[in-house]
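**Q** Pasting in a structure now, in structure tokens, and then I'll have a few things to ask.
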Amino acid sequence: MKTMKKYLLILTVLAVTFISCDDELETFPTSQIAADAAFKNEGDFTNALYGMYNDMLQSVDPDGNVKTYYGGALQGYDVMSDNLIISQEGRFSQQFRHDWTYDANGGFSLYLQAVYTVIQDANFILENIDVLEDSSFKNNVKGEALAARALAHFDIVRFFGKIPTQSSDANSSLAMPYVTTPDVNELPARITVSEYYGNLVSDLTSAASLINSSNNGNLQMGKDAVNGILARVYLHMGNWQGAINAANAVSTSVASRSSFTGIWDDSNEDGVIFKLDNDDVTRVTLGVPYNQTTGGIKDEYVPDFEFFQMFDASDIRLTAYMQPNGEFGGSNYNHIIKWYSSVTTTSLGVVDAKVLRASEVMLTKAEAHAELNQDGPALTALDAVRSQRYSGFVSGGESGQELKDAIAKERRLELAFEGSRFTDIKRYGIDVQRSEFGHFADGSGVPATFKTLPASDNRFQVPIPLTEMQLNPNMVQNPGYGD
């Protein structure tokens, strides 16, 4: 795509390596994939894969612009939801997202470029894969590239296009281009949501059939990761049986309550299916959308107090994700610390990006069973998560709508501050509704200025950046943002 030409065709090979804290990768090159990269042997493809995974965290264009993907930008999209309100003591960063005042002049361009960088990386690998002789290595590389391409496309369309379950016209509405070539001179047009999601499923099912049955380790796309992402896609499509089948193919167990807090400071990786390596060389601070660390935790955003109150005192996530009633500058706040702590690096906030966990897959399975009115297996899947989050847990034995509500609540709590809440609201087809509470720890203070985004509002689909519109004559702007 021409809009990406400057950023994707002339990529600089950084030739930086670092030591991974995980056993399966002793060295993990952070090289970006150049357009003229030579693919000659297995080592070249291994380096290309590692460069692709590094770009999933963040990438740097030739002008020095840092473009984050899972390195903070995606997590930051929770500010558009009802999980968070802006803190009056912060810098008011991302306020345009929080207040839904965005337009085509800016705000989403760097994110789109970051994700397209990963798509370009994957497409270069796929274009050159036949340099290799047929082998399990070749199949594995091809599968990982297909899976990464699908995940990146999914992380574009859920913000820029409608979600199939969002409204009756969603499937026939415009998604985004599905880019399958590294040729940046091609100017693809947007395709329908139905066709786009069909491409996602095609890439992921192909990937699942290619990737070796032995796990690649959670720093790469293994079979569990591919099937978990496929379950995520099917959930957004409303393909409930497909979501169940894909979730059933995942073998990773839900993290135990005793190990849960350690997941977030990287002291363990229980239940983590796929993550992106991050350390003091890479130094990506994932929690920066939510707070700064200046003489303590200075909040950019805090949990909406109504949401904060949903966390039971017996819920391990209350203190794993937040520091309730934390002090800063003489006032008290409920600080978000989910992406703040690290025991494996010297820098606070430099933690691995957890892309997919077994608990999400189990909650996907629960929701899909509930939508098929299969309350028994839905409750079993829900309790597989709840039993590992609450001390002294006893099943509520819910059924019908009460069970669906319990699953939705648990999903919101489990995935809080990971960037999925806004698009969950979107796929439910409901309003964003923030509370009247303020930003201090007890709910006093200044509430959100903008509290409601109606389900029918065009701002659930973010604008195509103006640069993309100018450089690609085949691109059509989303409704409500001009031509």
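Mature numbering (1 follows the signal peptide of the UniProt record, and there is no 0) puts the sequence shown at residues -22 to -1, 1 to 461.
Beta carbons are placed, not taken as given, at the ideal position from N, Cα and C, and that holds for glycine.
Determine the direct distance from the alpha carbon of Tyr268 to that of Asp282, and round the result to whole angstroms.
**A** C-alpha separation (whole angstroms): 13 Å.
**Q** Got a sec? Which residues, its chain only, sit under 6 Å from Ala227 by beta carbon, not counting five neighbours each side?
**A** Contacts found: Asn205.
**Q** Counting along the chain, where does the beta strand (DSSP E) carrying Ile64 start and finish?
**A** From DSSP, the beta strand (DSSP E) with Ile64 extends over 62 to 64.
**Q** Taking Ile251 as the reference, which of Gly265, Arg261, Asp202, Ile294 has the closest Cα?
**A** Checked all of Gly265, Arg261, Asp202, Ile294; the closest Cα to Ile251 is Asp202.
**Q** Assuming Glu278 and Gly85 are in contact, meaning their beta carbons sit under 8 Å apart, how far apart are those beta carbons, in whole angstroms?
**A** Actually they do not touch by this definition, with Cβ atoms about 16 Å apart.
**Q** Can you tell me whether Gly375 is buried or exposed? The criterion is at least 16 other CB atoms within 10 Å of its CB, across all chains shown.
**A** Classification of Gly375: exposed, given that the 10 Å Cβ count is below 16.
**Q** Restricting to Cα atoms, I'd like to know which of Tyr48, Met340, Asp22, Phe17 is closest to Ala266.
**A** Inspection of the sequence shows that residue 266 is occupied by Val rather than by Ala. It is Tyr48 whose Cα lies nearest to the Cα of Val266.
**Q** At which residue ranges does the region 395 to 456 contain complete alpha helix (DSSP H) runs of 4 or more residues, listed in the order of the chain?
**A** As far as the region 395 to 456 is concerned, its whole alpha helix (DSSP H) runs of at least 4 residues are 399 to 406, 444 to 449.
**Q** Of all the alpha helix (DSSP H) runs that stay within the bounds of the region 37 to 92, which reach a length of 4 or more residues?
**A** List check, alpha helix (DSSP H) in window: 73 to 76.
**Q** Pull the bridge partners of Met300 from the DSSP assignment, please.
**A** According to DSSP, Met300 bridges with Ile314.
**Q** Tell me whether Thr5 sits in a helix, a strand or coil according to DSSP, three-state version.
**A** With a pLDDT of only 30 at Thr5, under 50, the local geometry of the prediction cannot be trusted, and no value is derived from it.
**Q** If we count Cβ pairs, one from each stretch, closer than 8 Å, do we get three or more for the region 59 to 74 versus the region 424 to 433?
**A** Touching, yes, given that three or more Cβ pairs across the two stretches are closer than 8 Å.
**Q** Enumerate in chain order the residues of its own chain whose CB-to-CB distance from Leu444 is below 7 Å, with the five nearest sequence positions on each side excluded.
**A** Closer than 7 Å at Cβ, skipping near neighbours: Ala82, Asn83.
**Q** Helix, strand or coil, according to DSSP, for Ile169 in the structure here?
**A** DSSP places Ile169 in coil when its eight states are reduced to three.
**Q** What are the start and end residues of the alpha helix (DSSP H) that includes Asp133?
**A** Per DSSP, Asp133 belongs to the alpha helix (DSSP H) from 114 to 138.
**Q** Mind checking which residues open and close the alpha helix (DSSP H) that includes Leu27?
**A** Counting along the chain, the alpha helix (DSSP H) containing Leu27 begins and ends at 20 to 35.
**Q** Which one of Ser59, Phe285, Gly200 has the shortest CA to CA distance from Leu391?
**A** The option with the nearest alpha carbon to Leu391 is Phe285.
**Q** Would you tell me roughly how many angstroms separate the C-alpha atoms of Leu35 and Thr143, rounded to the nearest one?
**A** If you take the alpha carbons of Leu35 and Thr143, they lie about 29 Å apart.
**Q** Have a look at Lys18 and Val44 and give me their C-alpha separation to the nearest angstrom.
**A** Approximately 30 Å between the Cα atoms of the pair.
**Q** Please report the straight-line C-alpha distance between Ser377 and Leu27, rounded to a whole angstrom.
**A** Cα to Cα, the separation comes out at about 45 Å.
**Q** So, for Thr24: in the same chain, excluding its five sequence neighbours on each side, which residues have a beta-carbon less than 6 Å away from its beta-carbon?
**A** Around Thr24: no qualifying Cβ.
**Q** Can you give me the C-alpha to C-alpha distance between Asn456 and Val259, rounded to a whole angstrom?
**A** So the alpha carbons of these two residues sit roughly 39 Å apart.
**Q** Pull the bridge partners of Lys382 from the DSSP assignment, please.
**A** According to DSSP, Lys382 bridges with nothing at all.
**Q** Locate the beta strand (DSSP E) running through Pro355, then write down its first and last residues.
**A** Element bounds for Pro355: not the beta strand (DSSP E) but the alpha helix (DSSP H), 353 to 364.
**Q** Relative to the alpha-carbon of Lys343, which residue among Val363, Asp181, Arg261 has its alpha-carbon at the smallest distance?
**A** Comparing Cα positions, the closest option is Val363.
**Q** Just to confirm my understanding: we take Asp330, look at its own chain, exclude 5 residues before and 5 after, and list those with CB closer than 7 Å. What are they?
**A** Here the set comprises Asp244, Lys253, Leu254, Asp255, Asn256.
**Q** What does DSSP give as the partner residue(s) for Asp293 in the beta ladder?
**A** According to DSSP, Asp293 bridges with Tyr368.
**Q** Between the Cα of Tyr55 and those of Trp78, Pro40, Val38, spot the shortest distance and give me the residue it belongs to.
**A** When only C-alpha atoms are compared, the closest one is Trp78.
**Q** Do Ala394 and Tyr311 come within 9 Å of each other at the CB atom, strictly closer than that value?
**A** Result no, Cβ atoms of Tyr311 and Ala394 do not sit closer than 9 Å.
**Q** From Phe289 to Ala298, what distance separates their C-alpha atoms?
**A** Spanning the two alpha carbons is a distance of roughly 11 Å.
**Q** Taking the alpha helix (DSSP H) that Tyr212 belongs to, which residues open and close that run?
**A** Unbroken alpha helix (DSSP H) run through Tyr212: 201 to 215.
**Q** Should residue 495 go down as buried or exposed, given a rule of 16 or more other Cβ atoms within 10 Å for buried?
**A** Because the chain spans -22 through 461 in this model, residue 495 falls outside it and cannot be assessed.
**Q** In its own chain, which residues sit with a C-beta less than 8 Å from the C-beta of Asn118, not counting the 5 before and 5 after it?
**A** Correct list, in chain order: Leu188, Ile189, Asn190, Asn194.
**Q** Using only CA atoms, which one of Val135, Asp39, Thr263, Gly42 lies nearest to Gly327?
**A** When each option's Cα is compared against that of Gly327, the closest is Thr263.
**Q** According to the Cβ coordinates, are Ala125 and Leu182 closer than 9 Å?
**A** Yes, Cβ-Cβ distance for Ala125 and Leu182 is below 9 Å.
**Q** Using a Cβ distance threshold of 8 Å, determine whether the region 431 to 450 contacts the region 133 to 141, with at least three qualifying pairs required.
**A** Flag = yes, the region 431 to 450 and the region 133 to 141 touch.
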